[in-house]
Amino acid sequence: MKALDWLKEVHIRKEDFIHDLQGLLQIKSVLDEENATEDAPFGKGVKEALTYMLELGKKDGFAEKNVKNVAGHVTFGSGDESIGILCHVDVVPEGDGWTSDPYSAEIRDGKIFARGALDDKGPTMAAYYAMKIIKELDLPITKEVKMIIGTDEESDWRCVTTYFEEEKMPTMGFAPDADFPIIYAEKGISDFDIVQSLDKKGQGKSGKVEMLAFSSGRRYNMVPDFAEARLHVGIDQTEVIQRFQEYLSKEKAKGQYIVDAGNLVLEMEGVSAHGLEPKNGVNAGLKLASFLADLDLDETATAYFQFVKSYFEDDSRGHKLGIAYNDDITGDLTLNVGILHYDQQNGGKLGLTCRYPVTNKIEETKAVLDELLAEKGFSIDHFTNSKPHHVDKNSELIKTLSKVYLEQTGEEAKLISIGGGTYARSLENGVAFGPLFPGREDIAHKKDEYMYIEDLLKATAIYAQAIYELAK
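Using our numbering, the first residue of the sequence shown is number 115, and each one after it goes up by one.
See below:
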């Protein structure tokens, strides 16, 4: 029997693929709990994106199910075993500085630009069309194939928690939400807040500069690209303004100041990036905090900003905190300060994501932090932990995906590990599989996020063969 030309089948459906993908990308599916309803627990846009995929599945003849408006699936085939493809349709906030509307899904220079083009709407549509090809060609399979669609991957994963309370765990599967060839190991992920102790607030001397408010960042897993501080300096603001301009020049940083209602407002620009590797961005919050630490503030504000500067400036590996760790499987422990906040009533707070190696014992790391923070007048709050994820290199899943990747690309399927967390860790036997090809820039969570159309089509062919090989 002649081998099926999977890429040819993808190209036959190219126009429909792009049309359906643009429709999905044009939905602003950012978490919006402030306007949540019972029908849309994570916000109207998130629910709309979930409904879009479920209705697409229904139109194309798949069985589909909505699970409490926070997750869902489209399926075909049957059998005692099942293949799961775990995707998500929520996206991080778009941020600033885009060349085109982040929800226009504009195509230029062979790329499609939109928030979610890479993470994870583009890959979701690629996996969907992979399933569609197998179904339309009526290829023989002996297992159920199930695309599981999440809506809270960029925040708290409540979608998959709810989904697996109602639905069976697939026998094996993959998440198209990272890099090719195959990611078999993922770091642990711990998100938490560092909160200034309230009993320290308001005590001690006042300073020449009154810190009214400071804020930067929206998410634990994003490097903040903007920070703002509101100060009351009194009659003469010239000295602070001059020092700020000198700081910007020395640091080669972008920022500005404005005078608003008699107060001095300082703004700092940075470069956003995914929090799994803070070195890929420039943290505007840390930059501005480092400047503020050297002003004559009151005792509480001074303690907060000097703490931030002392333990986080130019150190995303935890060396200054005494928690640095490294192993040969997943590399360095990393810390991203994604949220910074200070106000006079509540004091200061930091929101962090810690990506830790698979052999790192997070309980011991937390104990070291607890001891240090207690000495400095801080404590940990809202501590969450997602354990590291591993799959045996010799498993049927990895052997099959390796074979498919080699046949489709001509390249060996090197097994890699990452600091990010994908839905693969929601499966007992799951890996992350694409869509980013080696050598391509990782622009997830950055401005002007894009995917090459050519890469999406190629990934679709890989997913189609992989699903068929696993399910036949």
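Where is the CB? At the ideal position from N, CA and C, for every residue including glycine.
- In the structure shown, residue 334 falls within a coil segment according to DSSP collapsed to helix, strand and coil.
- Within the same chain, and ignoring the five residues on either side of residue 361 in sequence, the residues whose Cβ sits closer than 7 angstroms to its Cβ are 405.
- DSSP, read as helix, strand or coil, puts residue 419 in helix.
- Between residue 378 and residue 347, the C-beta spacing is below 8 angstroms.
- Per DSSP, reduced to three states, the secondary structure at residue 327 is strand.
- When DSSP reads this structure, residue 467 sits in a beta bridge with 305, 450.
- With contacts defined as CB atoms closer than 8 angstroms, residue 573 and residue 548 qualify as a contacting pair.
- Exclusion of the five residues before and after residue 138 leaves 163, 166, 167, 203, 230, 235, 238, 239 as the residues of its chain whose Cβ lies within less than 8 angstroms of its Cβ.
- The alpha carbon of residue 201 has as its nearest neighbour, out of 302, 541, 128, the alpha carbon of 541.
- In the DSSP assignment, residue 354 falls within the unbroken alpha helix (DSSP H) covering 352-365.
- Of the candidates 309, 280, 389, 185, the residue whose Cα lies closest to the Cα of residue 333 is 389.
- Sequence-distant Cβ neighbours of residue 392 in its own chain, meaning closer than 6 angstroms and more than five residues away, are 337, 430, 450.
- Take residue 570, set aside five residues on each side of it, and the residues of its chain with a beta-carbon closer than 6 angstroms to its own are 236, 240, in chain order.
- Residue environment for residue 539: buried (at least 16 other C-beta atoms within 10 angstroms of its C-beta).
- Contact check for residue 296 against residue 512 passes: the beta carbons are separated by less than 8 angstroms.
- Per DSSP, reduced to three states, the secondary structure at residue 274 is helical.
- Straight through space, the alpha carbons of residue 420 and residue 468 are spaced by roughly 21 angstroms.
- By the Cβ criterion, the region 257-274 is not in contact with the region 460-475, since fewer than three pairs of Cβ atoms, one from each stretch, lie closer than 8 angstroms.
- Checking the DSSP bridge columns, you'll see residue 186 partnered with 180, 263.
- A straight-line Cα-Cα distance of about 26 angstroms links residue 312 and residue 380.
- Excluding its 5 nearest sequence neighbours in each direction, residue 456 has C-beta neighbours in its own chain below 6 angstroms: 328, 418, 462, listed in chain order.
- Counting the other Cβ atoms within 10 Å of the Cβ of residue 143 gives 16 or more, which makes it buried.
- Counting along the chain, residue 283 sits inside no beta strand (DSSP E), nor does DSSP assign it H or E at all.
- Judged by DSSP in its simplified three-state form, residue 550 adopts strand.
- Shown here for residue 293: same chain residues with a beta carbon closer than 6 angstroms to its own, the five before and five after excluded, namely 550 in chain order.
- For residue 125, the enclosing alpha helix (DSSP H) stretches over residues 120-126.
- With fewer than 16 neighbouring CB atoms inside 10 Å of its own CB, residue 482 falls in the exposed class.
- For residue 200, the secondary structure class from DSSP, reduced to helix, strand or coil, is strand.
- By the neighbour-count definition (other C-beta atoms within 10 Å, threshold 16), residue 320 is an exposed residue.
- Distance between residue 582 and residue 559, taken at the CA atoms: about 31 angstroms.
- The beta carbon of residue 473 is closer than 6 angstroms to those of 441 in its chain, skipping five residues each way along the sequence.
- Its Cα nearest to that of residue 367, the residue 400 stands out among 351, 353, 400.
- Sequence-distant partners of residue 518 (beyond 5 residues in either direction) whose C-beta falls short of 7 angstroms from its own C-beta, in its chain, are 576, 579, 580, 583.
- Selection 356, 514, 537 evaluated against residue 526 yields 514 as nearest (Cα-Cα).
- For residue 518, the enclosing alpha helix (DSSP H) begins and ends at 510-523.
- Residue 185 sits away from residue 308, with the two beta carbons spaced by 8 angstroms or more.
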